[in-house]
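Going down the list, the sequences are from chains A and B.
For what it's worth, this note's numbering labels the leading residue of the first sequence as 585, then goes sequentially.
For what it's worth, this note's numbering labels the leading residue of the second sequence as 4, then goes sequentially.
Glycine is no exception: its CB is placed at the ideal position from the N, C-alpha and C atoms.
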Amino acid sequence: VAAALSVGALTVLLKTVSSHVNAATVSLALLLNVLFIATRWGSLPALAASILAMLCFNFFFLPPFGTFEIAATDNWIALLAFLITAVTAGQLSASAKRRAEEAESGRREIERLYAELRDAFERASHAEALRQSEKLKSALLDAVTHDLRTPLTSIKASITTLLDEVRGRVDSEPRVALDADLKVEMMEVIDEESDRLSRFINGLIELARIEAGELQLRRRLGAVDEIISAALSRAEPITRNHRVELEIEKELPGVRVDERAVSEVVYTLVDNAAKYSPKGSTIRIIARRSGNELMEMGVEDEGPGIAFDLRERVFDKFFRATRDGDVRSREPTGTGMGLAIAKGIVEAHDGKIWIESGRNGKGTRVLFTLPIGDDEVIDESRYTAATVEIQ
Amino acid sequence: MTDQARILVVDDEPQLTRVLRTGLKSRGYDVRAAADGLAGFEAFNDWHPDLVITDLAMPNVDGLELCRRLRAISQVPIIVLSAKGEEKTKVEALDLGADDYVTKPFGIDELLARVRASLRRASAPATNEATETTLDSGDFHVDLETREITVHDKSIHLTPKEFDLLVYFIKHSGKVLTHRTLLAALWGGNYVEQNEYLRVFVGNLRKKIEPDASSPRYILTEPWIGYRFDPGEH
């Protein structure tokens, strides 16, 4: 309809000015219109427009005017040529338009598919990451529940043993016979295992703080020997059966650290050294310069040492190097968090912590670095209560 | 008990072995402890205990492997200490021949009850299957030749498969029987995954022998694991 209207309108326009234009101009104008229709609406309207334009051309512009008669033979040819040109041009341009449209929609389809693929891929890798993290979470949960349940099991078994005796169950067979020593032993177990639970829970809180990036460091210029002596006096009860040697370099500069936190690290390392090395062996505390900007501190023992492939993993939380499993040992084992916390503290000071073999390739040496304090006055506001992000 | 029964405790947790040793000794048992499966196996060969209590998760040789090795050489009763979340390992241990389990944390009474039951079962005179024609256990009396069963002196009519299942239960009174064990014993190895088979038969059996099938007292369900048969006190 629009095609017919446009042809009609153009014809009327051309008729009003027909005194000023010749037949060739008219035919070109009508051809242009057909082309326009073809690109706009496609091949069928273009075909209709071609025929309509031919009829109009014949009726209005070829003599004799006002009829479909044609006087001159060459005008017949002109009319025929017009029709063929109009139809061909119309179809060609319509098909060009169709091709362009097809190409465009193809391009869009590819884009859509690409976007879909990318989304799917992202979703998949997100799901994978989530799965991994869930797996890790459940492994950690297993470790935590195991560490909570183990002392609880000993406590429950001890307390029910004591309860039975106190209640003096007459129906129990064989009869309960707990002498004073055994009673004390049961209560010792309860006492020690309660402490173990408490240590474990404190460790969990500390770790959670480090992981949340909420470790509050009060950094100021401190003296290495003070930090070490604070740790050692705290560790005195656990190092009674070991020899403790200090290897502290003379005239060490101060360190820009949170003294309590670093003292905690030293304490953890001494505690581990005492726990995993034989009685009577030597524990060495090391402090020395390492270049101009770093202080190197560490603890060395004469225990069985840690295998190469475990030297990274012992810093993972809840990881424990296989215990030697001596039943006669009454020493409750560690929480599996000490080294993870130590690592968190050291890294919060921009330091590093690692494990080497001890003297002559025997035993374990744990070393860590700390920044040496500048001679210039430390900007307290910058380092006080700094919130440190830990990865 | 005339002689002190000997109990071997295998656990890598020193505090727990310490408590169990004291708790069991106070009841008149002779106790030894080992820190892992390997030490446990050696102690077994060395000492020949009457009962083994073992943890499942241990370094070196774990509880499962210990069950496997012990069953290869002995029918000693084995009680497994397990934790919630270790159901799969627990079932595996029972399939491997462990007799019972206790879930951590446990009261000493619970463990002692299992110890007594296991020792009693083990010391019960072995019935000569070939010549024995009747079976008496708690409220149950079974004539194996006429295939007649009475519960509380009341005659019960059972299908052949139900009869076999009940006899199996009676013969293994008090012991935890996994789905797998029961299926293999009654239907053969091809059916060990067909838990629903078992559920149907146990359901029917309960309707016939239990005073109240909705709260059974003879065929007790061990959730996710299997069943335990209690013949009742006679």
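If you compare alpha carbons, which of the options is closest to residue i?
| i | options | result |
| --- | --- | --- |
| A/G947 | A/F899, A/N825 and A/G889 | A/G889 |
| A/V846 | A/R872, A/R802, A/H730 and A/F644 | A/R802 |
| A/L732 | A/I832, A/S782, A/K859 and A/R895 | A/S782 |
| A/Q800 | A/P862, A/V930, A/A656 and A/H730 | A/V930 |
| A/I937 | A/G957, A/F899 and A/I956 | A/F899 |
| B/K107 | A/K740, A/A673, A/E706 and A/E749 | A/K740 |
| A/M557 | A/T852, A/T823, A/M921 and A/T953 | Only positions 585 to 975 of chain A appear in this structure, which leaves residue 557 of chain A out of reach. |
| B/D178 | B/G43, B/L59, B/D102 and B/A96 | Note that residue 178 of chain B is Lys in the sequence shown here, rather than Asp. Nearest option by C-alpha distance: B/D102. |
| B/A75 | B/H182, B/F44 and B/K91 | B/F44 |
| B/T136 | B/K28, B/A127, B/S126 and B/L147 | B/L147 |
| A/S941 | A/A586, A/R691 and A/F892 | A/F892 |
| B/C70 | B/D98, B/N63, B/Y194 and B/A86 | B/D98 |
| A/K767 | A/T729, A/E820 and A/I743 | A/I743 |
| B/P17 | B/D139, B/D58 and B/W50 | B/D58 |
| B/Y200 | B/L185, B/E213 and B/L23 | B/L185 |
| A/R827 | A/V839, A/K863 and A/N856 | A/K863 |
| A/T669 | A/L589, A/R707 and A/L619 | A/L619 |
| B/P226 | B/L73, B/K91, B/I81 and B/V64 | B/K91 |
For the beta strand (DSSP E) holding residue i, just list the boundary residues, first then last.
| i | result |
| --- | --- |
| A/M771 | First-last for A/M771: A764 to E795, but that is the alpha helix (DSSP H), not the beta strand (DSSP E). |
| A/A862 | Checking the sequence shown, residue 862 of chain A turns out to be Pro, not Ala. Careful: A/P862 lies outside any beta strand (DSSP E) and carries neither H nor E. |
| B/L84 | I81 to A86 |
| A/G889 | No beta strand (DSSP E) contains A/G889, which DSSP labels as neither H nor E. |
| A/S941 | I937 to S941 |
| B/L147 | First-last for B/L147: undefined, no H or E at that position. |
| A/F952 | T948 to P955 |
| B/A36 | D33 to A37 |
| B/I56 | L54 to D58 |
| B/G206 | Where B/G206 is concerned, there is no enclosing beta strand (DSSP E), although the alpha helix (DSSP H) it sits in stretches over N198 to I212. |
| A/Q800 | L799 to R802 |
Just curious, the alpha helix (DSSP H) that residue i is in, first and last residue?
| i | result |
| --- | --- |
| A/M638 | S627 to C640 |
| B/K174 | P163 to K174 |
| A/V728 | T657 to R751 |
| A/V808 | V808 to T823 |
| B/V118 | I111 to S126 |
Going along chain A, which residues have a C-beta under 7 Å from residue i?
| i | result |
| --- | --- |
| B/T25 | T745, L766, E769 and M770 |
| B/D112 | T744 and D748 |
Assign residue i to buried or exposed, taking buried as 16 or more other Cβ atoms, counted over all protein chains shown, within 10 Å of its Cβ.
| i | result |
| --- | --- |
| B/L84 | buried |
| A/R696 | exposed |
| B/G40 | buried |
| A/M771 | exposed |
| A/L701 | exposed |
| A/I939 | buried |
| A/E718 | exposed |
| A/P647 | exposed |
| B/K93 | buried |
| B/F204 | buried |
| A/K901 | buried |
| B/R231 | buried |
| B/L19 | buried |
| A/E877 | exposed |
| A/G922 | buried |
| A/S965 | With a pLDDT of only 41 at A/S965, under 50, the local geometry of the prediction cannot be trusted, and no value is derived from it. |
| A/H710 | exposed |
| B/E236 | exposed |
| A/S913 | Here A/S913 scores only 40 on pLDDT, less than 50, and its place in the model is too uncertain to base an answer on. |
| A/L631 | buried |
Would you mind telling me which residues of chain A sit closer than 9 Å to residue i, beta carbon to beta carbon, in chain order?
| i | result |
| --- | --- |
| B/F109 | T737, K740, A741 and T744 |
| B/V83 | The premise fails here: B/V83 is roughly 14 Å from chain A at the closest Cβ pair, so nothing lies under 9 Å. |
Going along chain B in order, which residues have a C-beta closer than 7 Å to the C-beta of residue i?
| i | result |
| --- | --- |
| A/E835 | The contacting residues do not exist; A/E835 stays about 46 Å from chain B at best. |
| A/T734 | E16 |
Which chain A residues sit within Cβ distance under 8 Å of residue i?
| i | result |
| --- | --- |
| B/G88 | D726 and T729 |
| B/Q197 | Under the 8 Å cutoff, chain A gives no residues; its nearest Cβ is about 30 Å from B/Q197. |
| B/V22 | S738, A741, S742, T745, M770 and V773 |
By the criterion of Cβ-Cβ separation under 9 Å, what are the contact partners of residue i in chain B?
| i | result |
| --- | --- |
| A/E776 | Q18 |
| A/A761 | K28, S29, R30 and G31 |
Hey, is residue i close to the ligand ATP, as in C-beta under 8 Å from one of its heavy atoms?
| i | result |
| --- | --- |
| A/A587 | Absence of the ligand ATP is noted for the structure shown, with no ligands found whatsoever. |
**OP:** Taking 8 Å as the threshold, find out whether the region 853–869 of chain A comes into contact with the region 878–886 of chain A through three or more Cβ pairs.
**Re:** yes
Per the contact definition of three or more C-beta pairs closer than 8 Å, is the region 593–604 of chain A in contact with the region 626–635 of chain A?
-> no
Practice item. Check whether the region 32–47 of chain B touches the region 4–16 of chain B, taking contact to mean three or more Cβ pairs, one atom from each stretch, closer than 8 Å. Key: yes
| Is it a yes or a no for the region 157–173 of chain B touching the region 106–117 of chain B, going by three-plus beta-carbon pairs under 8 Å? | no
Looking at C-beta atoms only, is the number of pairs between the region 37–55 of chain B and the region 10–22 of chain B that lie closer than 8 Å three or more? yes
- Query: Can we say the region 165–176 of chain B touches the region 192–209 of chain B, given the rule of at least three CB pairs closer than 8 Å?
  - Reply: yes
Any contact between the region 821–841 of chain A and the region 872–879 of chain A? By contact I mean 3 or more CB pairs, one from each, below 8 Å.
yes
**Asked** Pairing CB atoms from the region 840–854 of chain A with CB atoms from the region 810–818 of chain A, are three or more of them under 8 Å?
**Response** yes
(request) Determine contact between the region 674–687 of chain A and the region 619–628 of chain A, defined as no fewer than three beta-carbon pairs at a distance below 8 Å. (result) yes
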